[in-house]
Amino acid sequence: MQIAERLAKIPPYLFMELRKKINKAKADGIDVISLAIGDPVEATPDSIIDELSATARNPLNHRYPTDEEKGMLLYRKEIAAWYKARYGVNLNPEKEILGLIGSKEGCHHFILACVNPGDIVLMTDPGYPAYRASILMGEGVPYNVPILPENNYLPVFEDIPADVVKKARAMFLNYPNNPTGACATREFLNKLVAFGRESGIAICYDNPYSEILFNGQPRISFLMAPGAKDIGIELTSLSKPFNMCGWRLGVACGNPDLIAAISKVKENTDSGIFNPIQYAGIKALRSESPFIEKMLAIYGKRREMVLTTLKKIGIDFNPPCGTFYLWVPVPKGMTSLEFTNRLFDKTAVVVASGTAYGKYGEGFVRLSLTVPDERLKEALQRIEKEFTR
Ligand SMILES: Cc1ncc(COP(=O)(O)O)c(C=O)c1O
9 MQIAERLAKI
19 PPYLFMELRK
29 KINKAKADGI
39 DVISLAIGDP
49 VEATPDSIID
59 ELSATARNPL
69 NHRYPTDEEK
79 GMLLYRKEIA
89 AWYKARYGVN
99 LNPEKEILGL
109 IGSKEGCHHF
119 ILACVNPGDI
129 VLMTDPGYPA
139 YRASILMGEG
149 VPYNVPILPE
159 NNYLPVFEDI
169 PADVVKKARA
179 MFLNYPNNPT
189 GACATREFLN
199 KLVAFGRESG
209 IAICYDNPYS
219 EILFNGQPRI
229 SFLMAPGAKD
239 IGIELTSLSK
249 PFNMCGWRLG
259 VACGNPDLIA
269 AISKVKENTD
279 SGIFNPIQYA
289 GIKALRSESP
299 FIEKMLAIYG
309 KRREMVLTTL
319 KKIGIDFNPP
329 CGTFYLWVPV
339 PKGMTSLEFT
349 NRLFDKTAVV
359 VASGTAYGKY
369 GEGFVRLSLT
379 VPDERLKEAL
389 QRIEKEFTR
C-alpha cells in the first residue's frame, strides 16, 4: 500500500513523541510531572456543560448541520458581539465569520484555501509546529522567519529576502505567542498590514491566547489594525480561555474572500460543528468572562512560583506577558536538549525543548502553567534540589 510522499516530509508531532516518552516512564513506575503541554486541567465551567447537555437532547441537533455549515448564525452573531465588545471591531456574521472545529483545523484549511503547490509560506521560528505540518500537507514550502529576543520576538519584515517575499503567498503569525509568550503591539499590527498589502501575502493571524495576559498587558486583535480585513484573517479559539480544549470550537474572522475559500474547503471536508457545542460556546462567550479572570489569577500565581524557583537556581529573566507558557533561558553552558534531558532523567519533570519549535528556539525551554498547583510545587522542589546541589 502506498503512503503519500507529502506525509513523509512531516516530522513526528512534538506532543505525540513527548506523550510516548512520558507513558513509557510511567509504565516503569516513575512519577512523571509534565510541564510540557498547554492543556488546562481545571474543568470547563458547569454552565457550559449544562448548555451542551440540554441542547444535545434536541433531535434537531442530531442531524447534519448542512443549513449552517459556516457555523450556526446564532454562534456567528455571538462572535461578532464578542469582537465588538472586546476590541471595538465590526464583523459581518454572514460573510466575515466562519465557525471552526478548533483553530488548528483553521490553520490547515487556510493553507488549502490559498496556497498552490510550491508556493512559499512564511512562518515564525520559533513557532507552533502545526503550521509547518499544515504547509507541507498543502504542498507549500515553509520559510522560517526568525523571531528573536532582541526584537521582542516579533518578525522584522525588512530582513526577509526580497525574492522570498516575492514568491510567498501566505504567512502564519501568532501573538500572544506560543512558545515565547511575547505579545504584539498596535504599531506592529500596522506594520503587518502594510507588509501584507505591499506583498499580496495572505495573513493568518492565529490568536488562541488572546485572553491569556498578565500584568495589565492589553488585549488586542489583528482586526483592530485598519485594513487588516483586506489582507487576512484571525483565528480565535474557545479552547484556552474557557478550558474547552477537548470540545474543539473556534472561529475564523476577517477577509470575506478568504472566509469563503476556507468555507468551501470545509464544506467538502467536515460538514460543520455539532450544534450543541456551538450553543455551549455561545453560553461561554455570553456569561463566562469571570471564569477567565479566575483562571488568570491561578496562572498568575503559578507564574510567580516558577519565576521564584528559577531565580533561586540562577535563571533570572523578565518574561513577556502573554500565554500560560514561560519561555525559559537554559543555564549557561547547556543546550536546550541537554537541559530538557537532565530535567527528565534527574527529576522526572518534562519540559519542551526550545528547538522543538525551530532552530531559533535553541537556548530555551518552554514550561506550561496548566498543571495543578500541587504538582507544580512538587516539580519546582525537585528542580531546585537538582540545580542547587
Ligand atoms: C499557536 C496555537 N494555535 C492553535 C492552537 C490550537 O488550538 P485549538 O484548540 O483551537 O485547535 C494551539 C494549541 O496549543 C496553539 O498553541
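Residue numbers (the working numbering): 9 to 397.
The beta-carbon is built from N, C-alpha and C at its ideal position, and this holds for glycine as well.
In this structure, Val173 places its C-beta atom within 8 angstroms of the C-beta atom of Ser207. Collapsing the DSSP output to three states places Arg390 in a helix.
The criterion of a C-beta distance shorter than 8 angstroms is not satisfied by Val40 and Ile56. Between Ile267 and Glu104, the C-beta gap is smaller than 8 angstroms, which places the two residues in contact. Sorting Leu384, Phe352, Gly79, Lys291 by C-alpha distance to the C-alpha of Leu315 places Leu384 at the top.
Those residues whose C-beta sits under 6 angstroms from the nearest heavy atom of ligand 1 are, from N- to C-terminal order along the chain, Gly46, Gly110, Ser111, Lys112, Tyr136, Asn182, Asn186, Asp214, Pro216, Ser245, Ser247, Cys253, Gly258. In the DSSP assignment, no residue is bridged to Ala35. Counting C-beta pairs closer than 8 angstroms gives fewer than three between the segment 352-368 and the segment 195-205, which falls short of the contact rule. Put simply, the backbone Cα of Thr355 is about 15 angstroms away from that of Leu318. In this chain, the beta strand (DSSP E) harbouring Leu130 covers 128-133.
By the 16-neighbour rule on beta-carbons within 10 angstroms, Gln286 is buried. In the three-state scheme derived from DSSP, where H, G and I count as helix and E and B as strand, Val357 is classed as strand. Under DSSP, the beta-bridge partners assigned to Asn152 are Met131. If the five residues before and after Pro249 are omitted, its C-beta is found closer than 6 angstroms to the C-beta atoms of Glu219, Ile300, all from its own chain and listed in chain order. Put simply, the segment 104-113 touches the segment 247-266. At least three CB pairs are less than 8 angstroms apart. As the crow flies, the alpha-carbon of Val201 is around 48 angstroms from that of Lys393. Relative to Arg227, the option among Met9, Thr348, Asn263, Tyr183 whose CA is nearest is Tyr183. Within the same chain, and ignoring the five residues on either side of Asp278 in sequence, the residues whose Cβ sits closer than 7 angstroms to its Cβ are Ile109. Secondary structure of Tyr213 (DSSP, three-state): strand.
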